[in-house]
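Start counting at 1 in the sequence shown, then tack on 1, and there's your number in our numbering.
Report on one structure; see the data block that follows.
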Amino acid sequence: MDQFQYTVKDQKGLNKTGLIEAADPQAASQILHERGFVVIRIQTKPKGISFGNFFKGVNIGQIANFTRQLATMITSGLPLTDSLIVLQKQTENEKMRVIITSLADDIQAGNTFASALAKHADAFSAAYINIVRSGEASGTLDSVLQKLADNLEKEREFQSKVKGAFVYPTIILIAMTLVTAIIMIFVVPKLTELYTNLQINLPLPTIILIATSKFMASFWWLILIGIVAGLISFRRYRKTPQGALLVDSLIMKLPVLGKLNRDTSLTELARTLGSLVGAGVPILEALKIAGEVATNAIHRQAVSRAATLVEKGTTLSKALSAEDVFPAILPQMVSVGEETGKMDEVLDKLAHYFEVEVDQQVKNLTTALEPIIMIILGIMVGLLVISIVLPIYSITAAF
């Protein structure tokens, strides 16, 4: 899809300019015509490189800010279209500005807000779109958007906590890799020349170190290609249904990371399901949508099976209890929600419960990783020192 700059005349005879995404100029012109505009000019947007926006997409933080601001304006009595026009002028992110412009144009053309959002499924999730659709149908769009903004902000904060736990070990790992590469490629070859000139018998650790150094110095480019190719292959394999199930099942068997992965997935599942049910989305449809947001493929598959049972008349609590991948508290609390008629509140409490569990596990993981990293670093340094010092000790002993 390309972007096109357009100038049109609206139904009031006023000129408007903006950006639109389409396959070609004819398709862009047709879309604008269907929205009730008279096209004056349309041209392909110049594709100059802007490093300020080169890496800028639409992330959850920007969606949360957009939702919060839109909810505030609508609650204050500003019409939806006018609110979008104001946000379009204030938004700095170029991609988000294009999306908001498209939303405003679609609504002016008589489309619903949910149908306009559905055209940008890469930015707005299925849960988001369905919640907005329910809010429009019930006339509670302002309150629905407020709750959506609350949940998105919670989700953003939650994701930041989880990602933050891996920042320190990632930095240490990268630093260790760089230091090791520098020693193997630049330092060890100098020592190899010294040992060769002295013509001494080298111990096995030193021989292995020198051989590894020669390989890395000669084929560093092959190592980089192998790492990149391996990462790309792994990511593609994990996107397949079989790969996702295999990788996630292996992760869940790990001592600390397994429970962290499970509870992270359940937090997203409970929060999304609670939001959908609270917005009035039918439980079966809400279950199918919420299952898609679970970060663990095993949970996605289990929710799909549970949805099939619910469709046949089984209660949600019994359907979930039939899946051993879910902890007992999940079907128990859902059963309470079914009996009290407060399913959305129960699911929100469940999401909070799993989020607290994740917070504690993140702290435990950070605490456990620090000594593990230091031990690994110490072993690596020790092996390097032994491999380098042993020949020097042999030379000293010979004299």
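Idealized CB from N, CA, C, for every residue including glycine.
With respect to the alpha helix (DSSP H) encompassing residue i, which residues constitute its N-terminal and C-terminal limits?
{"i": "Val-188", "result": "Note, Val-188: premise wrong, no alpha helix (DSSP H); not H, not E."}
{"i": "Ile-43", "result": "Element bounds for Ile-43: not the alpha helix (DSSP H) but the beta strand (DSSP E), 39-45."}
{"i": "Pro-206", "result": "205-240"}
{"i": "Lys-90", "result": "81-91"}
{"i": "Ala-166", "result": "Where Ala-166 is concerned, there is no enclosing alpha helix (DSSP H), given that its DSSP letter is neither H nor E."}
{"i": "Ala-127", "result": "127-139"}
{"i": "Ser-30", "result": "26-35"}
{"i": "Gly-275", "result": "258-279"}
{"i": "Gly-78", "result": "Counting along the chain, Gly-78 falls outside any alpha helix (DSSP H), and DSSP gives it neither H nor E."}
{"i": "Val-282", "result": "Per DSSP, Val-282 belongs to no alpha helix (DSSP H) and is neither H nor E."}
{"i": "Ala-110", "result": "No alpha helix (DSSP H) holds Ala-110; DSSP gives it neither H nor E."}
Since I believe residue j is in contact with residue i (beta carbons under 8 Å), could you give me their beta-carbon distance rounded to a whole number of angstroms?
{"i": "Met-253", "j": "Arg-263", "result": "6 Å"}
{"i": "Ile-173", "j": "Ile-374", "result": "5 Å"}
{"i": "Arg-306", "j": "Glu-324", "result": "7 Å"}
{"i": "Gln-89", "j": "Arg-98", "result": "6 Å"}
{"i": "Ala-280", "j": "Ile-132", "result": "4 Å"}
{"i": "Phe-114", "j": "Ile-64", "result": "Their Cβ separation, rounded to whole angstroms, is 14 Å, which puts Phe-114 and Ile-64 out of contact at 8 Å."}
{"i": "Thr-268", "j": "Phe-159", "result": "6 Å"}
{"i": "Leu-378", "j": "Met-185", "result": "The pair is not a contact, with the Cβ atoms about 16 Å apart (cut-off 8 Å)."}
{"i": "Val-359", "j": "Val-163", "result": "7 Å"}
{"i": "Gly-6", "j": "Gln-44", "result": "The sequence shown places Gln at residue 6, rather than the Gly named in the question. Gln-6 to Gln-44, Cβ: 6 Å. Contact."}
{"i": "Leu-348", "j": "Val-278", "result": "7 Å"}
{"i": "Val-335", "j": "Leu-317", "result": "5 Å"}
{"i": "Ala-72", "j": "Ala-150", "result": "5 Å"}
Using the Cβ count rule (16 or more neighbours within 10 Å means buried), how would you classify residue i?
{"i": "Tyr-129", "result": "buried"}
{"i": "Lys-364", "result": "exposed"}
{"i": "Ser-276", "result": "buried"}
{"i": "Asn-60", "result": "exposed"}
{"i": "Gly-165", "result": "exposed"}
{"i": "Lys-191", "result": "exposed"}
{"i": "His-300", "result": "buried"}
{"i": "Phe-216", "result": "exposed"}
{"i": "Asn-152", "result": "buried"}
{"i": "Thr-171", "result": "exposed"}
{"i": "Thr-197", "result": "exposed"}
{"i": "Phe-327", "result": "buried"}
{"i": "Thr-207", "result": "buried"}
{"i": "Gly-136", "result": "buried"}
{"i": "Leu-401", "result": "No answer is possible for residue 401: it lies beyond the span of the chain, which begins at 2 and ends at 400."}
{"i": "Phe-38", "result": "buried"}
{"i": "Ala-329", "result": "exposed"}
{"i": "Gly-355", "result": "What sits at residue 355 in the sequence shown is Phe, not Gly. Under this definition Phe-355 is a buried residue."}
{"i": "Glu-156", "result": "buried"}
{"i": "Gly-53", "result": "Any reading at Gly-53 must be qualified, since the residue scores a pLDDT of 37, below 50, and its modelled position is unreliable; no value is offered."}
{"i": "Thr-102", "result": "buried"}
{"i": "Lys-148", "result": "buried"}
{"i": "Val-257", "result": "exposed"}
{"i": "Gln-362", "result": "buried"}
{"i": "Ile-50", "result": "With a pLDDT of only 35 at Ile-50, under the threshold of 50, the placement of this residue in the model should not be trusted; the figure read from the coordinates follows. Ile-50 is exposed by the Cβ-count criterion."}
{"i": "Phe-56", "result": "Residue placement at Phe-56 is flagged as unreliable, the pLDDT there being 36, under the threshold of 50; the coordinate-derived value follows with that caveat. Exposed."}
{"i": "Ile-233", "result": "exposed"}
{"i": "Arg-42", "result": "exposed"}
{"i": "Lys-313", "result": "exposed"}
Reducing DSSP to helix, strand and coil, say where residue i ends up.
{"i": "Lys-120", "result": "coil"}
{"i": "Gln-362", "result": "helix"}
{"i": "Val-390", "result": "helix"}
{"i": "Lys-10", "result": "strand"}
{"i": "Phe-55", "result": "For Phe-55, the predicted structure reports a pLDDT of 33, less than 50, and the residue's modelled location is therefore unreliable. A value from the coordinates is still provided. Looking at Phe-55 - three-state DSSP - the assignment turns out to be coil, as it is neither helix nor strand."}
{"i": "Ile-21", "result": "strand"}
{"i": "Asn-152", "result": "helix"}
{"i": "Asn-60", "result": "coil"}
{"i": "Asn-202", "result": "coil"}
{"i": "Gly-49", "result": "Residue confidence for Gly-49 is low, a pLDDT of 42 falling below 50, so the modelled location carries little weight; the figure read from the coordinates is stated next. In this structure, Gly-49 counts as coil in the three-state DSSP scheme."}
{"i": "Asn-66", "result": "helix"}
Could you check whether the Cβ of residue i sits closer than 8 Å to any Cβ belonging to chain C?
{"i": "Ile-61", "result": "Going by chain labels, chain C is absent from the structure shown, which holds only one protein chain."}
Legend entry - Length-filtered (4 minimum) alpha helix (DSSP H) runs lying within the segment 298-360: Those alpha helix (DSSP H) runs which fall completely within the segment 298-360 and span 4+ residues are 298-312, 317-322, 330-341.
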